[in-house]
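Asker:
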Amino acid sequence: MKSNQIVTIFILIIIKFITIKCYTFDSPIDNLLYVKNTSTLYAISSSHLHQLHWSTTNQTLLLLHRRVQLHSTLDNTENGVSVFIYEPSRHLLIICSRSLVGRCILYDANDISRIYVLESTIETNYLGCLSGCFTYLSSAIIRSALTGTRHERNGNIVNSQIELKNDLYRFNIDYQFQSSDRALITSLTFTNENLSNVEYIYGFDYQQHTYYILKSSRLARLCQASIAMRMTYEEIPLVSCKNSSSIVTEAFHSFGSFDYLYVVYENTVCIYDMNEIVHAFKESKIQCQRGIGYRLAHIVDSEQRRPMCEKTIEESLTEINECTWQPYRTNTYMDGTIGAVGNKIYQTTAKNVTIRFVFAQKNIVIIGTSQRHVLKFIQYNRTTLHFLHESTYHNEPSNGHYVVDDEHQSLIFAVGTELHRYAYNSCSLYDTCQSCIGSRRYDSKPCIWANGKCSLSSNSWTNDRGCPPVISQIQPISTNVNLERTILTVKGSFEGIEANSIKVLVTFSLPNQNKYLCSIEKIKNESLTCNLTIPKQPTKGTISVDIKPSRILSVGDTDISGSIEYLQKFHVYRPKPILVPDNGPAAGGTKIKIQNLKLKSNSKIRVFLGKAECHILKHDYSTDEIECVNQACRNDSERLELTVQVNNRLWQLEKTYFQCRANPIINNWSPKKSILSGGMKIVVSGKNLDIVQKPTMQFVYNSSVLTLFASCEIMSSSEMICISPTIDRSLDLTPSFDLNVLFIMDNLKIVPVDDILFVADDPIYYPFTNFIQEINSSNIIRFVGSNLISTHSMDQIDIRIENISNACFPFNFTNTQLLCVLPKTTIKKIKAYQANVEILVGTNLKFSPGKISLQNHNRSSHVSDGIFRFDPWVILVILILVAITIFIILFTIILFTCCRWHRTSKTFKKATKPPQCYRSILRELGKSKQINRKNLTIHEKVGQGCFGDVYRGELKQHGNKSIEVAIKVLRDHKTSSMYEFLYEANRMKDFSHPNILSLIGVAWDSSRQAMVLLPFMKNGDLRTYLIDEKTHPCLTQLIGWAIQIADGMEYLASLKFVHRDLATRNCMLDEKLVCRVSDFGLSRDVIDRDYYVLPNATISSKDKDGKILQTTPRRLPIRWLSPESIESSKYTIQSDVWSFGVLLWELMNRGKTPY
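Number 1711 marks the last residue of the sequence shown (our numbering); no jumps.
Encoded structure:
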């Protein structure tokens, strides 16, 4: 191929993942069918047929209307569906499977739950033939190809059309379908299906012919006219365009006068000119007529491997006379030798990536790949594509099938279990400014980028070049007023921007100088850094980025240019220090932690509280924390302001204070004795103890020979707890001895009045005998020891059993013995008969005397043994009493059963009262509407639905007068259903209008339960009357009924009553053909196709007694509902007006189902 034919691709955008709103199916989608100029879409997924609608308010929202199981003869799981088409004149879906030789089923397109199963024994009810064959069908009939060895599941091989008509000619055409109204679907069959190398990929119409593309890189055609169809079949080769594969996988040709054919060879797209294809057929035909061509051996009955054409005297064969009836044709079924030559326009570069589909519309070319990419190109000429956009989906498409929505210029295709809409000619497809503005370089559509999205402009000369700067983040967004400069990092898109082309400006709210330039230091593709001078006072500012391109921009150039302001304000602030603690004794010496100063590292720092310096003990630069010790206050109410000097310069801070308070006072402490091991709790009482940050207790032996310290815990302002120290035995201090006590309260040292702590030797608790002690019923444990009460008190003892703290309560304590009692709570927690015991004295000294054995746990065994020592006479008396008790119980059961049977038998003889749960709603009906069952005679059934029945009956009134009534009953006797039934009847009780069906009353029956009585309408409902062939209502009658219905609805509207289900099926005709509006919720059990049930929803309601009833949601009459009622489930008088309009359509169309 010449160099000027090489495909030129200009990448204009950064590839991004995009998300499209989609409807998700339960299993992968196999076939799609879109009905043109409507919002209806049909899909086959696994073994189900789906009917869906695009939302009228949101084109990306797909709503499921109905889902049905495919007919059992349509085996979609193994071989798939071959034909899936829509017949517009009779609103039928025709679905044919690849299995069972193309068995076909007809579906009602308005209601896919209705099917028409054709007779399976008739051969003409199959797409193929029962003996096996290929099938070719012209444009006026079904077009597809069927093969028994086909493995790919490509959905519709051709965008099919169908024409149902009576065909008087038979010739070589077999009638494939014949319906009850003599409509015919025809096909042409003549090829043995054992020829597995013959497989058809795609077909299309062009001028007078229907063309078929074979997998083996050949192109076939035949005349569309059925009179010449069979004899005009012929083939020519498709010459590939220098690609490695000669196997055709996909193809596309737009209907109409489209002049290009796109053919996919695995990873390559070749383009063929239709004029050249027609010319190749013509030249091949001329050669054949000269006797130097060939004919198709698998069709022509010849023993030759490739039979030759016969030389004829025909000089020329035009397109016109070739597709007319000629009784004597020569050289039929031509095997052409002159091929159509294609040009390569696209080839995937990645390894193992194939092309799934190709689509073209005017100069737009869309290509889908196996890598889940959908590519958009602009075709510049026959060999050049300009790349505009790439969309990436997260699931791999299950097949290459798609449908075209011409109205919205969109492709609808399946990606796994998801359905996607791809608006190939919409500006909204472009998700970045670069792709939006860049498309204008090659596409004439005036797309502009504004407010973060791409949209169509009415003026093709505005905003046709350049993209505004994009700022995603700026850090930091605040800084310390004490700093001189700070580095800003601006993240966004700065590819190709030079430092002299960009300005970063911060505009502050200051009276004098308010604009501060941030000097650019470094620029990368996705970020830049700049150095900003900080104002000397707190303020807020707006950061703006201004970019001027270094060249003059042309249409479609996507250089970044223009200005943008960052939404978040830049904040210059004074630091707000945190003091921990923020108060202390007036004596000073409190260690104060100062946080959040925002200091520079390695700075010379001084801290002041008031005028006195707080001496720094530690400065942690990693946490920005300073620890210092304050000096004494002048008084205990002084409030000291914090000031900080950094490098001899005053640091600006939010005002922060340290509060001086009264010094702590120690009143008393106890106990004043301890042991060598220490760990004894010492309780200290006083005043203002909680203002000390770190109180400490100091112990001194013999005037500083030994000094010990113990930390104390503040409990309240008047109490703290200290722990006595441990004396090291290696110091050779012989107990008993004294320690002098001193309290250090921050900077204040307090010597108590009694400052001596007596230290004695440790006490000793001896082990149990044999390390075990048996516990009797008293639950008392006895411990023996020495030096006990003289060294510690009972409240310093913790007796633990199996690690349960304070498990035994001490109550008797001497110098040699300790007694404690086990509470029941401890006994319940002990699982075994034996348990380990530990004694803790203070926190440091522990003893393990052994285990305890709980004897009282064995009492149950003694009790059980005593049962068998009862006197025999006692046992005999017990047995007699048991027998008498059993006899009395049996007699009571028999008596109760007899009484209940007696009452039940009476129930069936006469009417019973309703259960208690219905009494409240029946009271609302009033006594006048409650009918005695004895006055009601029930006759034959006159109607039935899914959930209830209607009977004809007679009701006796006063004076032995009888009237005919219609009796409605429910089959479902659940409380929720029956309650709703009565509730709807209650709504009708006050209606009084000649065109509204009013309530006569409600009766109660033991078997049928609630029975709603209505006037008997002899002529039934209006819809049945309209569709009855025996009745012929004139236009005047139709208009009269419309007026009567309007009068009735006007009456309901005056009562603020919303009907919610106005339709001809819910209007009744009496014996004089007067129309009355009825069915206010009493019989929603009509045919399913007129209603839609909301999935997984229940309605909760309460009766008068407060009982909650869960009821199943009503079915929605979706064909009669207004759009707002469908979307928001709200019903108003205005929505009834919409339903009345649909009812008028029903009247004028003699009861036909709308839409």
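Cβ atoms here follow ideal geometry from the backbone N, Cα and C, with glycine treated the same way.
Remember, it's a predicted structure, so these values are computed and weren't measured experimentally.
According to the Cβ coordinates, are Cys1216 and Cys1189 closer than 7 Å?
Answerer: In this structure, Cys1189 lies closer than 7 Å to Cys1216 by Cβ.
Asker: Mind the definition here: the segment 1315–1329 touches the segment 1286–1295 only if three or more C-beta pairs lie below 8 Å; say whether that holds.
Answerer: Judged by Cβ distances under 8 Å, the segment 1315–1329 makes contact with the segment 1286–1295, as three or more pairs qualify.
Asker: Quick check on Val909: does DSSP put it in helix, strand or coil?
Answerer: Three-state result, Val909: coil.
Asker: Does any residue of chain E have a CB that is nearer than 7 Å to the CB of Tyr1607?
Answerer: Chain labels in this structure do not include chain E; a single protein chain is all it has.
Asker: Can you tell me whether DSSP reads Ser1533 as helix, strand or coil?
Answerer: Three-state DSSP puts Ser1533 in a helix.
Asker: So what's Lys1149 in DSSP terms, helix, strand or just coil?
Answerer: Looking at Lys1149 - three-state DSSP - the assignment turns out to be strand.
Asker: Should Pro644 go down as buried or exposed, given a rule of 16 or more other Cβ atoms within 10 Å for buried?
Answerer: By the neighbour-count rule (16 or more Cβ atoms within 10 Å), Pro644 is not buried but exposed.
Asker: DSSP on Thr888, reduced to helix/strand/coil?
Answerer: Reduced to three states, the DSSP call for Thr888 is coil.
Asker: DSSP three-state label for Glu1510, please.
Answerer: Glu1510: strand per DSSP, three-state reduction.
Asker: Identify the residues that DSSP records as bridge partners of Gly1140: which are they?
Answerer: Answer is Cys1216, bridged to Gly1140.
Asker: Can you tell me the Cα-Cα spacing of Asp1020 and Thr580, whole angstroms?
Answerer: So the alpha carbons of these two residues sit roughly 38 Å apart.
Asker: Hey, how far is the Cα of Met1301 from the Cα of Pro1308?
Answerer: Looking at the two C-alpha atoms, the distance is approximately 13 Å.
Asker: Beta-carbon within less than 7 Å of Glu866's beta-carbon, same chain only, minus the 5 sequence neighbours each way: which residues are those?
Answerer: Counting only Cβ-Cβ distances below 7 Å, and skipping sequence neighbours, we find Gly847, Thr886 and Asn887.
Asker: Is the CB-CB distance between Thr1114 and Cys1010 below 7 Å?
Answerer: Going by C-beta atoms, Thr1114 is not nearer than 7 Å to Cys1010.
Asker: Could you say which of Asn1335, Thr1493 and Gln1187 lies nearest to Leu1375 if we only look at CA atoms?
Answerer: Checking every option, the nearest Cα to that of Leu1375 belongs to Asn1335.
Asker: Is the CB-CB distance between Thr904 and Asn823 below 7 Å?
Answerer: Cβ atoms of Thr904 and Asn823: closer than 7 Å.
Asker: Tell me whether the beta-carbon of Thr1399 lies closer than 7 Å to the beta-carbon of Gly1235.
Answerer: Yes, these two residues count as a Cβ contact at 7 Å.
Asker: Tell me the residue span of the alpha helix (DSSP H) that contains Thr1347.
Answerer: Per DSSP, Thr1347 belongs to no alpha helix (DSSP H) and is neither H nor E.
Asker: Let me make sure I understand the geometry here. Which of Tyr590, Leu1435, Thr788 and Ser669 has the alpha-carbon closest to that of Gln882?
Answerer: Nearest of Tyr590, Leu1435, Thr788 and Ser669 to Gln882, Cα basis: Thr788.
Asker: Any idea which residues DSSP pairs Pro1002 with across the strands?
Answerer: Bridge partners of Pro1002: none, in fact.
Asker: Judging by CA-CA distance, which residue of Tyr1072, Val1060, Gly1048 and Pro1105 is the nearest neighbour of Asn1081?
Answerer: The option with the nearest alpha carbon to Asn1081 is Gly1048.
Asker: DSSP three-state label for Asn1414, please.
Answerer: Annotation note: pLDDT 45 at Asn1414 (below 50); position unreliable, no value reported.
Asker: For Thr1263, which residues in the same chain have their Cβ closer than 6 Å to its Cβ, ignoring the five residues on either side in sequence?
Answerer: Cβ within range, chain order: Val1256.
Asker: For Leu1396, which residues of its own chain have a beta-carbon under 6 Å away from its beta-carbon, when the five flanking residues on both sides are left out?
Answerer: If we look at Leu1396 and ignore the five residues flanking it on each side, its Cβ neighbours are Asp1354 and Lys1402.
Asker: Go through its chain and collect everything with a Cβ distance to Gln1031's Cβ below 7 Å, but skip five positions before and after it.
Answerer: Within the same chain, Gln1031 has close Cβ partners Thr1045.
Asker: Does the distance from the CB of Arg1338 to the CB of Glu1394 come in under 7 Å?
Answerer: No; because the gap between Cβ atoms is not below 7 Å, this pair is not in contact.
Asker: In or out: Thr1372 buried (at least 16 other Cβ within 10 Å) or exposed?
Answerer: By the neighbour-count rule (16 or more Cβ atoms within 10 Å), Thr1372 is not buried but exposed.
Asker: Given this structure, state the Cα-to-Cα distance separating Lys1490 from Leu1570, to the nearest angstrom.
Answerer: Using only the alpha carbons, I get a separation of about 17 Å.
Asker: With distances taken between CB atoms, is the gap from Gly1557 to Lys1485 smaller than 7 Å?
Answerer: Yes, the pair counts as a contact, with Cβ atoms nearer than the cut-off.
Asker: Grab the span of the beta strand (DSSP E) containing Phe1255 for me, first residue to last.
Answerer: That run of the beta strand (DSSP E) goes Pro1251 to Tyr1257.
Asker: In whole angstroms, what separates the C-alpha of Arg622 from that of Leu770?
Answerer: Taking the straight line joining both Cα atoms gives about 37 Å.
Asker: Enumerate in chain order the residues of its own chain whose CB-to-CB distance from Lys1211 is below 7 Å, with the five nearest sequence positions on each side excluded.
Answerer: Here the set comprises Glu1197.
Asker: Measure the C-alpha to C-alpha separation of Pro1141 and Pro1094 and round it to an integer number of angstroms.
Answerer: When rounded, the distance between both Cα atoms is 35 Å.
Asker: Mind checking whether Thr1493 and Glu1510 have CB atoms under 7 Å apart?
Answerer: Contact: yes.
Asker: Can you look up Lys1070 in the DSSP assignment and give me helix, strand or coil?
Answerer: Residue 1070 is actually Asn in this sequence, not Lys. Correct three-state label for Asn1070: coil.
Asker: Tell me whether Gln625, by its Cβ, gets closer than 6 Å to a heavy atom of the ligand ZN.
Answerer: What this structure holds is no ligand at all, so the ligand ZN is not there to describe.
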